[in-house]
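Going by the numbering used here, the first residue of the sequence shown is number 1, and it counts up by one from there. Built from N, CA and C at the ideal position, the CB exists for glycine as well. Below is one structure, written out as structure tokens; the observations come after it.
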Amino acid sequence: MRVFYDGVIYKLQKYGGINRYFNNLISRLPDEITPILTAYRAKDIAYPKHPNLKTYRFLGRENRPRRLFEALERRYFESVTSSASFDLMHPTYYWMLTGKDMTSYRRPLVVTVHDMIHELYADRMDSNGQIARTKRRSVEIADAVICVSENTKKDLMKLSGVREDKITVIYLSSELDIRSSYGDEPVPKRPYFLYVGSRNPNYKNFDRLLEALSKVVTRYPEVILCSVGGSFRDFERQQISDLGIENHLETLQNPSDSHLAKLYRCSVAFVYPSNYEGFGIPPLEAMACGTPVIASNRSSIPEVVGDGGIQFDPNSVADLADAMLSVLENPIQRDRWIERGFDRVQQFSWQKTADRTLEVYKQLVVS
């Protein structure tokens, strides 16, 4: 079977959950599959690895006028897509590098929906509705839709009206492993809670984590929060100053996987305060690396965390602070949470993701 992956996501982001999803999916497909990938040519982006992978990159010179470069790029990808022989399409996002409608290629179409953030937070995340419209169009014309959680499936059906019989829920997994966490990379010297990922103010709820931290450090002044992600923005620095916790924060950007695994393992706990996630890989990473998980009880997060972590009300600063204090003050219970996390994360694997996705592919190609 030859599966075509339009790689627009590699142009939209160098790093991110969707990149990792397709990298892990494609890399774990059996040798009977020939993946065909059109991809942005950047050299510092990690692409999938598969023995039969055929990758097409546009090698035009970017020093040309932008409109000319983009027109030539689209023409190249249209030529590749139209001439390639494939049995099924699974684009990496809701539009294609060719700029053409997905129905143009007359092949069975699979679309993966990772979340409904642009619909649920439209006024702040998609004010002109373009992403939501494009997504809706792609799921309407798709022959099969993969959702990464039951909660995402529920939101998709409610907000887009897609038929349930088109949807298959396939969970994601974690690449990190505690065995890679024993390198010589530096970690904070003081006891620290760990936060990983974007701090988007629309739904990540990082401001409440800062408030909870300010309560925790009144009892444990040696404790800090290590945030892995971008630098703090002006409004975050202002809140940090207002709370008087300037000396209780460290930031780190783009650690290697082994460094991140060590940061997880050496932390007091990993905190995941988000109000909404389509799935949420970081809690699984934390469990796999041997640290307790303190996670919001909203959206898909309970599906992922299950009984493997402490869940709290993300609208309650007091609830979050109590959860953080409980881990600090109960080392025996903390060890139990670590063991529960190890048990929980075993239920997820990227190989399961690939196997179940292949079942979807085969159903479409056979039919």
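- Per DSSP, reduced to three states, the secondary structure at Q13 is coil, with no helix or strand assignment.
- Bridge partners of T251 according to DSSP: S227.
- I146 is bridged by DSSP to T112, T168.
- With a cut-off of 8 Å on Cβ pairs, the segment 270-282 is in contact with the segment 189-200, counting three or more such pairs.
- With respect to the 9 Å criterion, T81 and T38 are classified as neighbours on the basis of their beta carbons.
- If you ignore the 5 residues before and after Y105, its C-beta comes within less than 7 Å of the C-beta of T81, M89, all in its own chain and listed in chain order.
- Pairing L243 with L225 gives a Cβ-Cβ distance that is not under 9 Å.
- Of the residues Y15, A122, T291, K54, the one whose Cα lies closest to the Cα of S27 is K54.
- Comparing alpha-carbon positions, the option among R163, L109, V345, N247 lying closest to V360 turns out to be L109.
- Here T92 is not near Y15, since their CB atoms are 9 Å or more apart.
- Exclusion of the five residues before and after K11 leaves Y40 as the residues of its chain whose Cβ lies within less than 6 Å of its Cβ.
- Between H118 and M125, the CB-CB gap stays under 9 Å.
- In the DSSP assignment, K49 falls outside any beta strand (DSSP E), carrying neither H nor E.
- E285 counts as buried, since at least 16 other C-beta atoms from the protein chains shown sit within 10 angstroms of its C-beta.
- Our two residues, R334 and S160, have alpha carbons roughly 42 Å apart in a direct line.
- Under the DSSP assignment, Y264 falls outside any beta strand (DSSP E), being part of the alpha helix (DSSP H) whose first and last residues are 257-266.
- Residue pairing from DSSP places V196 in a beta bridge opposite V228.
- Within the same chain, and ignoring the five residues on either side of A354 in sequence, the residues whose Cβ sits closer than 7 Å to its Cβ are L25, R28, L29.
- Excluding sequence positions up to five before and after R107, its CB lies within less than 8 Å of the CB of F4, F86, D87, L88, M89, all in the same chain and listed in chain order.
- The Cβ atoms of L320 and R219 lie no closer than 9 Å to each other.
- Separation of D234 and E70 (C-alpha to C-alpha, rounded to the nearest whole angstrom) is 34 Å.
- Close CB contacts of F279 within its chain, under the 6 Å cut and outside five residues either way in sequence, are with V148, S149, L172, S300 (chain order).
- When DSSP reads this structure, D6 sits in a beta bridge with T38.
- By the C-beta criterion, the segment 210-217 is judged not to be in contact with the segment 150-157, since fewer than 3 inter-stretch pairs fall below 8 Å.
- The secondary-structure analysis by DSSP pairs Q311 across a beta bridge with A295.
- Your pair S231 and F348 does not check out as a contact, with CB atoms roughly 31 Å apart and the cut at 8 Å.
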